[in-house]
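*Asks:* My questions will all concern the structure given below.
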Amino acid sequence: MKQSLLLFLFSWIWFGNTNAQEIKILTYNIFHGESPDKPGTPNLEKISDLFVLMQPEVIALQEVDSLTGRYLSIYPDSLDLIKRMIRDTGYRGYFAKAMDFDGGAYGEGLLVKKGSQYHTQKLPNPAGGEPRAAAWVKAELKTLEEFYFGGTHLCHEFEANRIAQVDSLFTYAETLNKPVILAGDFNFTPDSPEYSRIPSHWKEAGAEAGNTQHTYGTAESGARIDYIWYDSRKFELVEYKVLDLPYSDHYPVWAVLRMKKETP
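What the sequence shown shows, in the UniProt record's numbering, is residues 1 to 264, in sequence order.
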């Protein structure tokens, strides 16, 4: 296992370079900082090491705990999850609270190299169930080009909620005055009504790459529910991968996008 992981990491060092106009994006449901196959075992150090190696410009995190009882049982030093990842990666970070949970809070996280205007979008849940949210940031490249990046985790229980949440997210994205990328755990598959509801100029990186690899569970019993969406009027896809790593019950989803040049 260690040998195969090292080979995987070296392949990223070799092939992972991009030019200044390209945006490296990662979305990852991190299972609240706990190894899924070893209850009580932390996973954040390995995940942070992965981020440091790969150096995406923006990272969307789902299942982020903020000083919950279950988190503190794994990380008793009381350092908040997002603050821990900021310390360990050197990124800037933001936590978007979706709900109170287990003595703390639960929601979405962002890690970015350079950003401003962090904010939380509360999402509708007309059928009830857990509150949901999206985390947003205006990110900036080395070239000084700006774009908005959002990370979210939609309802796992009710289709009506996911439909309302999709409508809310993409309606909001259309109001932003910079190009937009949206990523996260959407909890629906490509054959669902929610997926087909998304406006046609929004492209999903996995579909555009022809990659149907599951992002959750196993090859036999899992599903493709984690996505990176981009406005095809503003971006073009360069690369897409699902990373076969065992740190969570989901897999990291990676894409590289290139901003299209504005036509006069």
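C-beta: ideal position from N, C-alpha, C; glycine also.
(1) Note the first and the last residue of the continuous alpha helix (DSSP H) segment covering T89.
(2) Compute the Euclidean distance between the alpha carbons of G40 and T143, then round it to the nearest angstrom.
(3) What residues in its chain sit with their C-beta under 6 Å from that of S4, if we drop five residues either side in the sequence?
(4) Here's a check: name, in chain order, each residue in its chain whose Cβ is nearer than 7 Å to the Cβ of Y216, leaving out the five neighbours to either side.
(5) Would DSSP call S4 helix, strand or coil?
(6) Which runs of the beta strand (DSSP E), 3 residues or longer, sit entirely within the segment 186–223?
(7) On the DSSP bridge assignment, give the partners of T27 in chain order.
(8) Could you check which residue in V166, G115, R70, H119 has the C-alpha nearest to that of H32?
(9) From W14 to Q55, what distance separates their C-alpha atoms?
(10) In three-state terms, what does DSSP make of F147?
(11) With DSSP collapsed to three states, give me the class of D167.
(12) At the level of alpha carbons, what is the spacing between S232 and L111?
(13) Going by Cα to Cα distance, which pick from V64, F101, K97, D102 is closest to R84?
(14) By DSSP's criteria, R132 is part of a beta bridge. Which residues make up the other side?
(15) How about A160 and P131: are their beta carbons less than 8 Å apart?
(16) Would you mind stating whether A96 and A134 have Cβ atoms separated by less than 8 Å?
(17) Tell me which residue opens and which closes the beta strand (DSSP E) that Y230 is part of.
(18) Considering only the alpha carbon of each residue, which of H153, S192, Y94 lies closest to I228?
(19) DSSP beta-bridge partners for R162?
(20) So what's E45 in DSSP terms, helix, strand or just coil?
*Replies:* According to the structure data:
(1) For T89, the enclosing alpha helix (DSSP H) begins and ends at 81–89.
(2) C-alpha of G40 to C-alpha of T143: approximately 43 Å in a straight line.
(3) Annotation note: pLDDT 48 at S4 (below 50); position unreliable, coordinate value reported separately. Hits under 6 Å: none found.
(4) G222, A223, I225, D226, D249, H250
(5) Low local confidence applies: a pLDDT of 48 at S4 is under 50, so the model's placement there is unreliable, and no value is given.
(6) For the segment 186–223, whole beta strand (DSSP E) runs of length 3 or above, ordered along the chain, are 202–204.
(7) A60, V253
(8) Its Cα nearest to that of H32, the residue R70 stands out among V166, G115, R70, H119.
(9) At W14 the pLDDT is 48, less than 50, meaning the model places this residue with poor confidence and gives no usable figure here.
(10) strand
(11) helix
(12) 24 Å
(13) Measuring from the Cα of R84, the nearest candidate turns out to be V64.
(14) BP columns for R132 point to L123.
(15) no
(16) yes
(17) 226–231
(18) H153
(19) Residue pairing by DSSP places R162 in no beta bridge whatsoever.
(20) helix
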